[in-house]
Structures are given as C-alpha cells and as structure tokens.
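Enquirer: Residue numbers (full-length UniProt numbering): 1 to 258.
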Ligand code: CO8
C-alpha cells in the first residue's frame, strides 16, 4: 500500500510508522489518521511483525489534531460523523504492542495518540501538553482520562486547564513516559526495544498486554483473577515449555509463537 502522510518501514520483526507531515508539525488530519489505521491493519496481518513503533520527527511527534481542518466544523458535522471515535481508536485495538517514540511536541491529539500506545519512550526534547483549552475546546481523544491515570489528578487538571506543557524530565518523573533517550538515538532505541519484545513468545506478549491494560478497566481482585487465568493458560503453550527448558539447560530460548 502507498501512503502520503506517513512512512512505513519494516526493520527486522518491527513495523516502524513515521508520521510525515513536516510542514504542519504532523498535525493529525483525517487522511493521516486513515493511513495510520491502514498501516496498523497491515502490521497486524503480517506474521513477521511482532511489535510496532510509532514516531514523528525530531521537532514534533504531532502538534495535535489539524486545527485548520477542524475549525469550520459544526456540531452536527462532528456528532453525526462521530468525529475521533472513527479512526482514532484503531491504535487502542492493536493486539501487537505499539511503542510511541516521542520527540519534540506531543500536543493535544498528539499527546492523546502517544498515550493510546502501550508505552512512551521520550526523546530528551519531548514536550507533552493538552492545549485545547487555549483554542476554545477540550481534549476529545482521551486526554482528560488517560493523562489523569498517568500523572494523577493535580497535574492533569493543571495541564488541561492551562495548556501548560510538560518537558521530558517532568514526564518521566510523573510516570507519563517509561524513560528518556537522547533524541538522536530515540528511534533506534525504540526499534531495539520493539525487537526485544518481538523475540518473545507472541501469544504471551499479547496476554501480558491484555492483562496490563485490564488493570485500567477493572477492580484489583478482578484484574488479578484475569491475570491468574492468563498465567495458567501460558502453560498450554509450547513457548512456556521451551522458555523454562532453555533456562534449565542454560541456553537461549527459541520461541515459535505456539
Ligand atoms: N493543526 C494544524 N496546523 C498546525 C498545527 C495543528 N495542530 N500545529 C502546527 N501547525 C502548523 C502551523 O499552522 C504552521 O503552518 P503554516 O506554516 O502554514 O502557518 C506550521 O504547522 C508550523 O507551526 P508554527 O509556525 O506554529 O511552529 P512553532 O515552532 O512556532 O510552534 C507549536 C509550534 C507550539 C506546536 C505551535 O504550532 C502550536 O501551538 N500548535 C498548535 C498546538 C495545539 O493547539 N494543539 C491542539 C490542537 S486541538 C486538538 O488536538 C484536539 C484534540 C481532540 C481530539 C482529536 C481530534 C481529531
């Protein structure tokens, strides 16, 4: 498939998607979101790919939803088209892990898109923010919900009410990003981490992702119950037998995804 707003590459067993609207700081227009969904569909269907990295440029992961495209929409336009729900939530439905490698601005819908991924690696120049209130609207792709879960009510409320940006070091301290990488090494490091995940047992990777995500949706006892059942089910895989045998035999495991 050919794309205009994104670049798609396969490195080893990793799918790399680069948002590529440099003149608009990767503002997330409808065409870009559609292409992102198509690329994720392709990567989900490709058995060689075990994990995905989503990145932007060194200047901007994404500076938000495309304000120029949104500006003239009416209430009926956005309500009847279910604006955002259609297309944007594709990332959250991906069964393979998706790592956001964020350099530069991740604002508004850009911050929300990063938070839809499974974890965020930040370049040392990353800046996160929900500035929608400064243009007379509010986060609409999960910002008030996911940011609050990541960084707590006080910081999320301040950021959403004032539009204040959070730099990489504060984002790491607050638990929004897993760690900071020098920006020049960011994509290579994200691909390396994704390859490490792709080398693990594919079904077990999916179960881990499912189980961590469940913690956001349920009570502790239900979540632990869910985790326990998945843990039990790993014993039905050949990969569990291989992984434990390899440990005992002091060799590297060879997972087959069975
Ligand atoms: N939409 C459209 N164009 C944009 C956007 C955007 N979000 N951000 C930047 N651009 C364009 C600029 O208009 C400019 O284009 P042009 O050269 O044609 O004028 C070009 O990118 C470069 O931008 P700047 O000249 O402003 O670059 P600076 O380095 O001076 O500033 C900033 C960078 C601080 C990132 C600045 O561009 C900015 O403030 N951008 C807007 C940030 C923002 O408000 N984002 C939130 C948007 S609203 C939103 O995301 C709602 C989410 C709801 C859910 C998702 C719905 C789809």
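Quick reminder that beta carbons are idealized off the backbone N, C-alpha and C, glycines included.
Since I believe residue 112 is in contact with residue 146 (beta carbons under 8 Å), could you give me their beta-carbon distance rounded to a whole number of angstroms?
Expert: Indexing the chain shown from 1 puts residue 146 at position 146. Indexing the chain shown from 1 puts residue 112 at position 112. Indeed they touch by this definition, with Cβ atoms about 7 Å apart.
Enquirer: With DSSP as the reference, please indicate the residues paired to residue 10 in a beta bridge.
Expert: As a position in the chain shown, residue 10 is number 10, starting the count at 1. Answer is 15.
Enquirer: Using the DSSP secondary-structure output, state which residues sit across from residue 53 in a beta bridge.
Expert: Numbered from its first residue, the chain shown carries residue 53 at position 53. For residue 53, which the question treats as bridged, DSSP gives the partners 16 and 99.
Enquirer: Taking residue 179 as part of the beta strand (DSSP E), name the residues at either end of that continuous run.
Expert: The residue given as residue 179 occupies position 179 in the chain shown. Here the beta strand (DSSP E) through residue 179 covers 179-181.
Enquirer: Kindly identify the DSSP beta-bridge partner or partners of residue 231.
Expert: On the chain shown, position 231 is the one that residue 231 refers to. Bridge partners of residue 231: none, in fact.
Enquirer: In angstroms with no decimal places, state the Cα-to-Cα distance between residue 257 and residue 197.
Expert: Residue numbering aside, residue 257 sits at position 257 when the chain shown is read from its first letter. Residue numbering aside, residue 197 sits at position 197 when the chain shown is read from its first letter. So the alpha carbons of these two residues sit roughly 12 Å apart.
Enquirer: Quick check on residue 237: buried or exposed, where buried means 16 or more other Cβ atoms within 10 Å of its Cβ?
Expert: Locating residue 237 in the chain shown gives position 237, where the first residue counts as 1. Buried is the call here.
Enquirer: Residues in the same chain with beta-carbon distance under 6 Å from residue 102, minus the five sequence neighbours each way, listed in chain order, please.
Expert: Counted from its first residue, the chain shown places residue 102 at position 102. 61, 114, 120, 122 and 126.
Enquirer: So, with DSSP's three-state summary, where would you put residue 200?
Expert: For the purposes of this step, residue 200 is identified with residue 200 of the chain shown, where counting begins at 1. Of the three classes helix, strand and coil, the one that applies to residue 200 here is coil, per DSSP.
Enquirer: I think residue 117 touches residue 54, with their Cβ atoms under 8 Å apart; what is that distance to the nearest whole Å?
Expert: Position 117 of the chain shown, counted from the start, is the residue given in the question as residue 117. Position 54 of the chain shown, counted from the start, is the residue given in the question as residue 54. Yes, they are in contact, since the Cβ atoms of residue 117 and residue 54 sit about 6 Å apart, within 8 Å.
Enquirer: Could you tell me which whole beta strand (DSSP E) segments of length 3 or greater appear in the UniProt domain "HIN-200" (205-258)?
Expert: Listed in chain order, there is nothing to give.
Enquirer: Buried or exposed: residue 182, going by 16 or more other Cβ atoms within 10 Å of its Cβ?
Expert: Position 182 of the chain shown, counting from 1, holds the residue named residue 182. Flag for residue 182 reads exposed.
Enquirer: What's the call for residue 201, buried or exposed, on a 16-neighbour Cβ count within 10 Å?
Expert: By 1-based counting over the chain shown, the position of residue 201 is 201. Buried, since its Cβ has 16 or more Cβ neighbours within 10 Å.
Enquirer: On the three-state DSSP scale, how would you describe residue 113?
Expert: The residue labelled residue 113 in the question sits at position 113 within the chain shown. In the structure shown, residue 113 sits in a helix (DSSP, three-state: H, G or I).
Enquirer: Please say whether residue 9 and residue 16 have beta carbons closer to each other than 7 Å?
Expert: What you label residue 16 is simply residue 16 of the chain shown in a count that begins at 1. What you label residue 9 is simply residue 9 of the chain shown in a count that begins at 1. Yes, the pair counts as a contact, with Cβ atoms nearer than the cut-off.
Enquirer: When the Cα atoms are used, what is the spatial distance from residue 72 to residue 234?
Expert: Sequence index remark: in the chain shown, residue 72 carries index 72 (1-based). Sequence index remark: in the chain shown, residue 234 carries index 234 (1-based). Whole-angstrom Cα-Cα distance: 51 Å.
Enquirer: Could you check what DSSP says for residue 166 in three-state terms: helix, strand or coil?
Expert: Translated into the one-based positions of the chain shown, residue 166 becomes position 166. DSSP places residue 166 in strand when its eight states are reduced to three.
Enquirer: For the beta strand (DSSP E) containing residue 129, list its first residue and its last residue.
Expert: Position 129 of the chain shown holds residue 129. Unbroken beta strand (DSSP E) run through residue 129: 127-129.
Enquirer: Mapping the DSSP letters down to three states, classify residue 84 as helix, strand or coil.
Expert: One-based indexing of the chain shown puts residue 84 at position 84. Here residue 84 sits in coil by DSSP.
Enquirer: Kindly indicate the opening and closing residues of the alpha helix (DSSP H) around residue 60.
Expert: Counting from 1 along the chain shown, the entry for residue 60 is found at position 60. Looking at the DSSP string, residue 60 is not in any alpha helix (DSSP H); the run it does join, the beta strand (DSSP E), is 60-62.
Enquirer: Could you spell out where the alpha helix (DSSP H) holding residue 147 opens and where it closes?
Expert: Along the chain shown, read from residue 1 onward, the residue named residue 147 stands at position 147. Looking at the DSSP string, the run of the alpha helix (DSSP H) that includes residue 147 is 143-151.
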